[in-house]
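Student:
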Amino acid sequence: MFTFRCILGTSTKYLTSLSARKYNIKLQIRMSSLPHHPLAAVCQVTATPDKEANFSACKELVEKAKQRGASMVFLPEGFDYIGSSREETLSLSESLTGDTISRYTQLAGKLEVWLSLGGFHERGHDWESDQRIYNSHIIINDKGDIVSVYRKSHLFDVELPEKGVSLKESAFTIPGQSLVSPVQTPIGKVGLGICYDLRFPELSMALQRHEAEILTYPSAFTVATGIAHWEVLLRARAIETQCFVLAAAQVGRHHEKRSSYGHALAVDPWGEVLGDCGGENPGMVLVEINLEKVSSTRRNMPVQQHRRDSSFYHSLEKT
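Per this note's numbering, residue 271 is the first one in the sequence shown, and the count goes up by one each step.
Below, the structure written as structure tokens:
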């Protein structure tokens, strides 16, 4: 069922549409005399090994977001598929020029909407010899052009036997070798990360130093780590960088071996959660991106001006 969350002044009203559907869409609008600010759609999906079904579900969300005025739509890590084995994951992978990304570039151009797709199972440059992939975050503009590709640099190799978590991403994934510059988009300058990158504040601070106004972490967090750390990490990244943080997410059961936490979030530069998709169903939250919040937060609490030079923070290493 579609749920629209409208904030009118200080009052909150919940309006539910008469057409019941499987997606939950929350719309947050702040009504004022100020000019309209661009809308971002932060999505969550339940990907499976069925690439065609996944594309159909994501396409519907992108179309709904565009209909409701979104300038940019954010899809989560594994939006293309989540495989049930190493072999399946590798066999379903593609290059950036393959069918999956071609369909998304066509969709973006047709709808005239920007897309954040992260991360995509991209075949590595030496695929024929080593059968390894990148976990790639792709930005497509409203003309259907790929304008940036970031390859995940921190790989999720974690064993938490007491939590039932055992994943070794490096077994088949190549770590990216560098960050990419924030991308100028209709909603602001977007700095790119993917999932496990969220745990490394050095990455977010580097993006902030290069003028990022929005950080994005498309993810497929496990249920155990999501319960413990998801929201607090996203809010921490927003607070320390004084950026908006948009985090699309996978939710629910992908196959018999894997489930994801959900709760796709949008967080403002003060650390306030603007939207949460919940932990059960696919859907999206639509949020206004008012970049004046970035400016005013940084002006009123000038953390970056108060930061000492890098040698100060390494001074203990010299003693």
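Heads up, the beta-carbon is just placed ideally off N, CA and C, and yes, glycines get one too.
What you are looking at is a predicted structure, and each value in this text was computed from that prediction instead of being measured.
Sorted by chain position, which residues of the same chain lie with C-beta nearer than 7 Å to Leu360's C-beta, five sequence neighbours on each side aside?
Tutor: Residue 360 sits at position 90 when you count from the first residue of the sequence shown. The residues are Gln401, Ile403, Phe442.
Student: May I have the straight-line CA-CA distance separating Asn411 from Gly389, to the nearest angstrom?
Tutor: Translated into positions along the sequence shown, residue 411 becomes position 141. Translated into positions along the sequence shown, residue 389 becomes position 119. Answer to the nearest angstrom: the Cα atoms are 17 Å apart.
Student: Using only CA atoms, which one of Ser399, Arg393, Glu382, His395 lies nearest to Lys413?
Tutor: Here the question's residue 413 lines up with position 143 in the sequence shown. Checked all of Ser399, Arg393, Glu382, His395; the closest Cα to Lys413 is Glu382.
Student: Going by the CB atoms, is the gap between Lys422 and Ile464 shorter than 7 Å?
Tutor: Numbered from 1 along the sequence shown, position 194 holds the residue referred to as residue 464. Numbered from 1 along the sequence shown, position 152 holds the residue referred to as residue 422. It is a contact, given that the beta carbons lie within the stated cut-off.
Student: Count the C-beta pairs between the segment 522-542 and the segment 352-369 that are closer than 8 Å, then say yes if the count reaches three, no if not.
Tutor: The answer is yes - the segment 352-369 touches the segment 522-542, with three or more Cβ pairs under 8 Å.
Student: By how many angstroms is the C-alpha of Ser451 removed from the C-alpha of His584?
Tutor: Your numbering for residue 584 matches position 314 in the sequence shown. Your numbering for residue 451 matches position 181 in the sequence shown. Going by the C-alpha atoms only, they are around 25 Å apart.
Student: Quick one: residues in its chain with C-beta nearer than 8 Å to the C-beta of Glu510, no 5 flanking neighbours on either side, listed in chain order?
Tutor: Within the sequence shown, the letter at position 240 stands for residue 510. Excluding residues within five positions, the ones whose Cβ falls inside 8 Å are Pro471, Ser474, Met475, Val573.
Student: So, with DSSP's three-state summary, where would you put Leu362?
Tutor: What you label residue 362 is simply residue 92 of the sequence shown in a count that begins at 1. Coil, per DSSP.
Student: Please confirm whether Asn490 and Ser440 have their CB atoms less than 7 Å apart.
Tutor: Residue numbering aside, residue 490 sits at position 220 when the sequence shown is read from its first letter. Residue numbering aside, residue 440 sits at position 170 when the sequence shown is read from its first letter. It is worth fixing the name first, because residue 490 is Ala in this sequence and not Asn. Not closer than 7 Å, so no.
Student: How would you label Gln575, buried or exposed, when you count the other beta carbons within 10 angstroms and need 16 or more for buried?
Tutor: Position 305 of the sequence shown, counting from 1, holds the residue named residue 575. Looking at its Cβ environment, which holds fewer than 16 other Cβ atoms inside 10 Å, Gln575 is exposed.
Student: Measuring straight from C-alpha to C-alpha, what distance separates Ala517 and Pro488?
Tutor: Numbered from its first residue, the sequence shown carries residue 517 at position 247. Numbered from its first residue, the sequence shown carries residue 488 at position 218. Straight-line Cα distance between these residues: approximately 5 Å.
Student: Scan the segment 449-527 and note each continuous beta strand (DSSP E) run of 3 residues or more that stays entirely inside, going in chain order.
Tutor: Those beta strand (DSSP E) runs which fall completely within the segment 449-527 and span 3+ residues are 453-455, 458-462, 484-486, 514-517, 519-525.
Student: Would you kindly check if the distance between the Cβ of Cys547 and the Cβ of Val555 is under 7 Å?
Tutor: The sequence position of residue 555 within the sequence shown is 285, counting from 1. The sequence position of residue 547 within the sequence shown is 277, counting from 1. Taking 7 Å as the Cβ cut-off, Val555 and Cys547 qualify as a contacting pair.
Student: Whose CA, out of Gln447, Ser386, Glu322, Ala534, lies closest to the CA of Thr455?
Tutor: Your numbering for residue 455 matches position 185 in the sequence shown. Closest option to Thr455, Cα to Cα, is Ser386.
Student: Assign Thr367 to buried or exposed, taking buried as 16 or more other Cβ atoms, counted over all protein chains shown, within 10 Å of its Cβ.
Tutor: Here residue 367 refers to the residue found at position 97 of the sequence shown. Exposed, because fewer than 16 other Cβ atoms sit within 10 Å of the Cβ of Thr367.
Student: Nearest to Pro220 by CA position, among Lys336, Leu377, Leu362, Thr375, is which residue?
Tutor: In the structure as shown, the chain begins at 271 and stops at 589. Residue 220 is therefore absent and cannot be evaluated.
Student: To the nearest angstrom, how far is the alpha carbon of Gly394 from that of Val564?
Tutor: Taking the first residue of the sequence shown as position 1, residue 394 is located at position 124. Taking the first residue of the sequence shown as position 1, residue 564 is located at position 294. Distance between the alpha carbons of Gly394 and Val564: 37 Å.
Student: Within a Cβ cutoff of 6 Å, which residues of the same chain sit near Gly461, ignoring the five residues on either side of it in sequence?
Tutor: Position 191 of the sequence shown, counting from 1, holds the residue named residue 461. Closer than 6 Å at the Cβ level, and outside the excluded window around Gly461, lie Pro452, Leu477, Ala482, Leu485.
Student: Report the option in Phe426, Gln314, Arg479 whose CA atom is closest to the CA atom of Arg577.
Tutor: Position 307 of the sequence shown, counted from the first residue, corresponds to residue 577. Here the closest residue by C-alpha is Arg479.
Student: Which residues bound the beta strand (DSSP E) around Tyr404?
Tutor: Translated into positions along the sequence shown, residue 404 becomes position 134. That run of the beta strand (DSSP E) goes 403-410.
Student: With H, G and I counted as helix, E and B as strand and the rest as coil, what does DSSP make of Phe582?
Tutor: If you number the sequence shown from 1, residue 582 lands on position 312. Note: Phe582 maps to helix in three-state DSSP.
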